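Q: To start, I am sharing the structure in question, which I have written as structure tokens.
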Amino acid sequence: MAVPTSVVMDRDPHTEAKHRILGNYLAAYFPIMSSQFSAEGLCFVDAFAGPGEYTDGGKGSPLIALGAASRPEVIDSGCSLDSVFIEEHPGRVAHLKELLAAQRTCFNVSTRHGKCQDLLEPTLEELGLWKRAMFVNLDGWGVDTPYALVERIGKSKRPEVLVTFSQQWFTRFAEQGDNKSGDTVFGDDRWRAVAEQPTENKKRFLVDEYRRRLAECGFDFQLTFELTDEGGHSLFLVYGTSSIQGVRKMKDAMWSVDTAAGSKFRDPRDPNQMSFGLSDDSPDLRVLKTQILERLADGGRVSLKELKDFALRETVYKEVHATAAVADLEAAKKVDIQHRRSDEDTLVWLAPPTLFS
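According to my numbering, the residues represented by the sequence shown are 1074 to 1430, in order.
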């Protein structure tokens, strides 16, 4: 996908879906975090801020964040809020500043012109924000988010990151000798082993490798989902946090998106690469059912709670979806269940094969 050069850009389906997810999540994040960190304060960072709007009039991520932070319960908390917007394109910086000047906001706003890898650390140091709980949006165009920067964010007090991650570049250039850009993104050269993977495993390998690297720098929970458009182009969103509550809220944000026109979702760890929309009204549970059957394939008995935790932490699905998927599998005679009052005591295992299975 070519990087646009104009000041105000068209909004593609990927961007629209990303912004809906971000807006839904921040609407929950700011009220919760402003209450928990009212004394210390919060920081929102947009490292690839853009011009603040799109040609169709849609809001960019800086204005989405300002809107979410302007909710009455956030303002009433008395929490100090700071935002840092970094943008390399000079025309977009100027346009964004004009838009921000017209906003009434409770944020202390700092807008910087330059590259995120050059400015993010020193700007947060200068403003004394490293001790704040922070959400960092790293929505770059390609291989432009250094792992060293993500690692530094992971050392802050209560960090969360949302990283845009494109796997096509990595699978294409893994076998080339000069892979400094890829090594910079992953923090080492172990990602290059993707070249040795069969085609059907390349995507999952890269996702698992990046999740491993996030875990190593302090993000205990990682959530990865894939956006696809009608042309077959895909883009990963990788969310990292140290809070299981954050994972639940991000899942809620995803599943309440009402899929943007021309954009669908995939679980990049699903080898069948099934695309589907995310709707809590009528969830498509086919991928989750397959994943649960694979989880049970060793023949052991697993509690319903474990399966709900598995769905939350290792798939694009929510805990409630695991309960529904297990019920469907029981009705289809693919699993047996020992029903008990609690999820911890309810056990699930593969049903024995039948003559017609």
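Glycine included, every Cβ here is placed at the ideal spot set by N, Cα and C. Treat the numbers as computed from the prediction; the structure is a model and nothing was measured.
Between the Cα of lysine 1204 and the Cα atoms of Gln1190, Ser1143, Gly1123 and Pro1232, which residue gives the shortest distance?
A: As a working note, residue 1204 is residue 131 in the sequence shown. Here the closest residue by C-alpha is Pro1232.
Q: Suppose the cutoff is 7 Å on Cβ atoms and the five residues either side in sequence are ignored; what does the same chain contact list for cysteine 1290 look like?
A: On the sequence shown, residue 1290 is found 217 positions in, with the first residue counted as 1. Val1223, Glu1224 and Gly1227.
Q: Assign threonine 1419 to one of three DSSP states: helix, strand, or coil.
A: Here residue 1419 refers to the residue found at position 346 when the sequence shown is read from its first residue. Three-state DSSP puts threonine 1419 in coil, outside helix and strand.
Q: Output yes or no for whether 9 Å exceeds the beta carbon distance between phenylalanine 1298 and serine 1315.
A: Indexing the sequence shown from 1 puts residue 1298 at position 225. Indexing the sequence shown from 1 puts residue 1315 at position 242. Contact flag unset, no.
Q: If you follow the alpha helix (DSSP H) that histidine 1186 is part of, which residue opens it and which one closes it?
A: As a position in the sequence shown, residue 1186 is number 113, starting the count at 1. That residue, histidine 1186, is in no alpha helix (DSSP H); its beta strand (DSSP E) goes 1180–1186.
Q: Given that a residue counts as buried once 16 or more other Cβ atoms are within 10 Å of its Cβ, and exposed if not, what is alanine 1090?
A: Position 17 of the sequence shown, counted from the first residue, corresponds to residue 1090. Buried.
Q: Nearest to asparagine 1097 by alpha carbon, out of Ala1395, Gly1319 and Trp1242?
A: As a first step, residue 1097 is located in the sequence shown; it is residue number 24 there, counting from the start. For the residues Ala1395, Gly1319 and Trp1242, the minimum Cα distance to asparagine 1097 belongs to Gly1319.
Q: Quick check: serine 1150 and glutamine 1241, are their CB atoms within less than 9 Å of each other?
A: Counting from one through the sequence shown, the residue named residue 1150 turns up at place 77. Counting from one through the sequence shown, the residue named residue 1241 turns up at place 168. For serine 1150 and glutamine 1241, no; Cβs fall outside 9 Å.
Q: For the region 1271–1287 and the region 1352–1370, state whether three or more C-beta atom pairs, one from each stretch, are separated by less than 8 Å.
A: no
Q: Any chance the region 1146–1162 sits against the region 1105–1118, with 3 or more Cβ pairs inside 8 Å?
A: yes
Q: Could you give the distance in angstroms between the alpha-carbon of alanine 1397 and the alpha-carbon of arginine 1177?
A: One-based indexing of the sequence shown puts residue 1397 at position 324. One-based indexing of the sequence shown puts residue 1177 at position 104. Between the alpha carbons of alanine 1397 and arginine 1177 lies a gap of roughly 44 Å.
Q: Ignore the nearest five residues each way along the sequence and tell me which others in methionine 1323's own chain have a CB closer than 7 Å to its CB.
A: Position 250 of the sequence shown, counted from the first residue, corresponds to residue 1323. Counting only Cβ-Cβ distances below 7 Å, and skipping sequence neighbours, we find Tyr1098, Leu1296 and Tyr1312.
Q: Quick one: complete alpha helix (DSSP H) runs, 4+ long, within the region 1097–1171?
A: 1134–1142 and 1145–1149
Q: Can you have a look at arginine 1263 and say buried or exposed, based on whether 16 or more other CB atoms are within 10 angstroms of its CB?
A: Within the sequence shown, numbered from 1, the residue matching residue 1263 stands at position 190. Its Cβ having fewer than 16 others within 10 Å, arginine 1263 is exposed.
Q: Is there contact between the region 1256–1273 and the region 1128–1143, where contact requires at least three CB pairs shorter than 8 Å?
A: By the criterion of at least three beta-carbon pairs nearer than 8 Å, the region 1256–1273 is not in contact with the region 1128–1143.
Q: Whose C-alpha, out of His1186, Lys1230, Ala1221 and Glu1199, is nearest the C-alpha of methionine 1106?
A: Within the sequence shown, numbered from 1, the residue matching residue 1106 stands at position 33. Distances from the alpha-carbon of methionine 1106 to those of His1186, Lys1230, Ala1221 and Glu1199 put Lys1230 closest.
Q: Let's see if you can read the secondary structure: which residues bound the beta strand (DSSP E) around tyrosine 1312?
A: Against the sequence shown, residue 1312 aligns to sequence position 239. Residues 1307–1314.
Q: Taking the continuous alpha helix (DSSP H) assigned at arginine 1284, which residues delimit it?
A: By one-based count along the sequence shown, residue 1284 stands at place 211. Taken as a continuous stretch (DSSP letters only), the alpha helix (DSSP H) holding arginine 1284 covers 1272–1289.
Q: Please name the residue, chosen from Ala1101, Trp1422 and Ala1167, that lies closest to glutamate 1146 on a Cα-to-Cα basis.
A: Along the sequence shown, one-based indexing puts residue 1146 at 73. The shortest Cα separation from glutamate 1146 among Ala1101, Trp1422 and Ala1167 belongs to Ala1101.
Q: Can you say whether threonine 1218 is buried or exposed, counting buried as having 16 or more other CB atoms within 10 angstroms of its CB?
A: The residue you call residue 1218 lines up with position 145 of the sequence shown. So threonine 1218 counts as buried.
Q: Decide if aspartate 1155 is buried, meaning its Cβ has at least 16 other Cβ atoms within 10 Å, or exposed.
A: What you label residue 1155 is simply residue 82 of the sequence shown in a count that begins at 1. Burial call: buried.
Q: Spatial neighbours of phenylalanine 1117 within its chain, please: CB distance less than 6 Å, with the 5 preceding and 5 following residues excluded, ordered by chain position.
A: Walking along the sequence shown from the start, residue 1117 turns up at place 44. Excluding positions up to five away in sequence, the list reads Ala1138, Ser1156 and Phe1208.
Q: Distance check for threonine 1427 and proline 1341, CA to CA, integer angstroms please.
A: Here residue 1341 refers to the residue found at position 268 of the sequence shown. Here residue 1427 refers to the residue found at position 354 of the sequence shown. So the two alpha carbons sit approximately 32 Å from each other.
Q: Looking only at C-alpha atoms, which of Pro1356, Phe1338 and Asp1357 sits nearest to serine 1348?
A: Against the sequence shown, residue 1348 aligns to sequence position 275. Of the candidates Pro1356, Phe1338 and Asp1357, the one whose C-alpha sits nearest the C-alpha of serine 1348 is Phe1338.
Q: Flag this pair as yes or no: are the beta carbons of glutamate 1160 and glycine 1123 separated by less than 9 Å?
A: Taking the sequence shown and counting its residues from 1, the one referred to as residue 1160 is at position 87. Taking the sequence shown and counting its residues from 1, the one referred to as residue 1123 is at position 50. Yes, the Cβ-Cβ distance between glutamate 1160 and glycine 1123 is below 9 Å.
Q: Give me the Cα-Cα distance between methionine 1388 and aspartate 1416, rounded to the nearest whole angstrom.
A: For the purposes of this step, residue 1388 is taken as the residue at position 315 of the sequence shown. For the purposes of this step, residue 1416 is taken as the residue at position 343 of the sequence shown. Here residue 1388 is threonine; the residue named in the question, methionine, does not match the sequence. Those two C-alpha atoms are separated by around 19 Å.
Q: With a 10 Å radius around its C-beta and 16 neighbouring C-beta atoms as the bar for buried, classify isoleucine 1094 as buried or exposed.
A: Start at 1 with the first residue of the sequence shown, and residue 1094 comes out as number 21. Result: buried.
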